[in-house]
Structures are given as structure tokens and as C-alpha cells.
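In my numbering, the protein residues as written are 18 to 234.
The beta carbon of each residue, even a glycine, is placed where N, CA and C say it ideally should be.
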Amino acid sequence: MKKLWSYVAVPATALAVFTGSIAWVLLVRAFYYVQIGPLGVCAASGLTAEQVRAAYGDVMDYCLGLRPDFAAGVLPFSAEGAGHFADVRMLFLLNLAVLAGTLLLLLGLKLACRRRHTALPRLNGRTPGFWAACVLGGLSLTVGALAATDFDRAFTVFHRIFFPGKENWLFDPATDPVIVLLPEAFFRNCAIAIGVTLLGLCLWLVLTGRKQKKKAL
């Protein structure tokens with residue numbers, strides 16, 4: 018029975034690492050703010066840095082469930098554009114819900130093990146975190162390598178997968194100028210930040226999963 022919880026901990030750890038690597042990019046708005054200048058967002062949009070930050074804040078507030086209606090600062094938007102962000106909102110909230118759920122599960126397992134002065138059984142001599150990192154890290158490296166060869170295509174495939182049958186993610190700057198605030202380079206930087214965070218966590222799990230003898234992750 019104890020080993021069953023080790024098998025449960027493998028996908029739970031993988032999901033926690035995956036969703037956590039995404040979550041900080043969504044929640045830390047300074048990640049976007051520091052890119053406003055380098056990406057030339059003000060020049061492209063005709064807005065001041067303050068207006069850009071306000072518009073981005075409105076969009077993220079909506080996507081994170083902090084406001085009920087969509088807004089983009091001083092920028093106008095179409096019904097189709099707002100509809101896409103409604104879809105994005107669902108994905109963002111799902112990501113945060115999965116992160117919270119998996120962290121609670123892993124915390125519960127850790128507290129149960131601590132109360133019993135034991136640890137989750139190892140699987141072939143390695144911790145559940147080790148195996149989660151191997152699988153997740155391997156998949157991420159594969160996907161990352163493919164995306165690096167043609168980011169434009171990867172960007173399109175991503176939207177085809179997560180927004181099946183929809184075209185409202187193809188913004189027209191004339192009707193939805195908010196897209197000017199979110200250039201492709203920004204999304205590329207997001208992907209890089211997520212990938213680096215994910216692989217860093219996976220490396221840590223692999224190293225600690227090999228060295229520990231009594232405690233498992």
C-alpha cells in the first residue's frame with residue numbers, strides 16, 4: 018500500500034513542477050514589465066509605459082480570475098478578441114488549480130511520512146521525484162528541441178491543440194490592438210523562462226533523488 022503512494026507521487030510531482038514552472042510567469046508581472054523597453058512595445062503601440070502596464074494588468078487580472086469582465090486599459094477590443102482571452106482564462110485557472118491540488122497532495126504525503134518517521138518507498142532505488150523529473154525533463158527537452166527549430170510553427174501548433182476549431186487567436190491589430198503589447202518575442206521569452214525553470218527543478222529532483230537514502234520527494 019505504501020508503494021502505491023510512491024506511484025501516485027510520481028505524476029503529482031511532475032504536474033506540480035510543470036504547472037509551477039508556468040505559474041510564476043503568469044503571476045510575476047515584473048517579468049513582462051522589464052521587457053516593455055527591449056521589445057519596443059511603447060513605440061509599436063503608441064502608448065506610454067504606464068499605459069502598457071495598465072493594459073497588461075487588466076488583461077492578466079481577467080485571465081487570473083481577479084475581475085469578471087475583460088479589459089485592456091485604454092485599448093479597444095472586439096468580441097472575438099475578448100472570447101479568446103476567455104479561453105485563456107480557463108487554461109490559466111486550470112493551471113493554478115492543478116498546481117494547488119498537487120502541492121496539497123504532496124504536502125499531505127510529506128506530513129504523513131513525517132508523522133510516521135518514515136519516507137515514501139523508493140522505486141528501483143530512486144525517489145518518486147527522480148522518476149517524475151526523468152519523464153518530465155525528457156519530454157520537455159524533446160518538445161523544446163522541436164520548438165527551437167521552428168518557433169512560429171510550434172506557436173501555431175500550440176494554439177491548434179489548446180484552442181481546437183477556433184481562429185479567434187489570430188488577432189487583427191486594427192480591431193484588437195492589445196496584440197501589439199504581446200509580440201511573439203514575448204511569448205518566446207515566456208517559453209524559455211518556463212523551460213529553464215522546469216529543467217532546473219528536474220535537475221534538482223534527479224540529484225536529490227539519487228543521493229537521498231531515507232527520505233523521498
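Assigned secondary structure, residue i (DSSP; H/G/I helix, E/B strand, else coil)
{"i": "Arg133", "result": "coil"}
{"i": "Arg84", "result": "coil"}
{"i": "Leu124", "result": "helix"}
{"i": "Gly98", "result": "helix"}
{"i": "Pro93", "result": "coil"}
{"i": "Leu199", "result": "coil"}
{"i": "Leu187", "result": "coil"}
{"i": "Gly182", "result": "coil"}
{"i": "Thr192", "result": "coil"}
{"i": "Asp167", "result": "coil"}
{"i": "Pro28", "result": "helix"}
{"i": "Lys232", "result": "Bear in mind that a pLDDT of 45 at Lys232, under 50, signals an unreliable position, so the model cannot answer this."}
{"i": "Arg227", "result": "helix"}
For residue i: DSSP bridge partner residues
{"i": "Ala143", "result": "Residue identity check: residue 143 is Arg in the sequence provided, not Ala. DSSP, once it has assigned bridges, lists Leu140 as partnering Arg143."}
Contacts around residue i, its chain only, beta-carbon distance under 6 Å, and the 5 residues preceding and following it disregarded
{"i": "Ala99", "result": "Phe87"}
{"i": "Leu110", "result": "Gly82"}
{"i": "Ser38", "result": "Ile211, Thr214 and Leu215"}
{"i": "Lys20", "result": "Pro138"}
{"i": "Arg9", "result": "Past the boundaries of the shown model lies residue 9; the chain is included only from 18 to 234, so the question cannot be answered."}
Beta-carbon contacts of residue i that lie in its chain and below 7 Å, excluding the five residues immediately before and after
{"i": "Cys207", "result": "Val42"}
{"i": "Ala33", "result": "Leu116, Thr119, Leu120 and Leu123"}
{"i": "Trp186", "result": "His101, His176 and Phe180"}
{"i": "Leu224", "result": "none"}
{"i": "Phe204", "result": "Phe172"}
Nonlocal neighbours in the same chain, by C-beta distance under 8 Å from residue i, ignoring five residues either side
{"i": "Leu158", "result": "Leu216"}
{"i": "Gly74", "result": "Arg46 and Gly90"}
**Asked** Of all the alpha helix (DSSP H) runs that stay within the bounds of the region 41-70, which reach a length of 4 or more residues?
**Response** 47-50 and 58-62
**Request:** May I ask you to verify whether the region 100-110 touches the region 176-195, counting CB pairs closer than 8 Å and requiring at least 3?
**Result:** yes
**Message:** Under 8 Å: do the region 148-166 and the region 23-40 share three or more Cβ pairs, one atom per stretch?
**Reply:** yes
**Item:** Touch test, the region 156-173 against the region 64-84, Cβ-Cβ under 8 Å, three pairs minimum
**Value:** no
**Request:** Take every Cβ of the region 208-218, pair it with every Cβ of the region 151-160, and state whether three or more of those distances are shorter than 8 Å.
**Result:** yes
**Asked** Does the region 46-61 touch the region 122-136, meaning 3 or more C-beta pairs lie closer than 8 Å?
**Response** no
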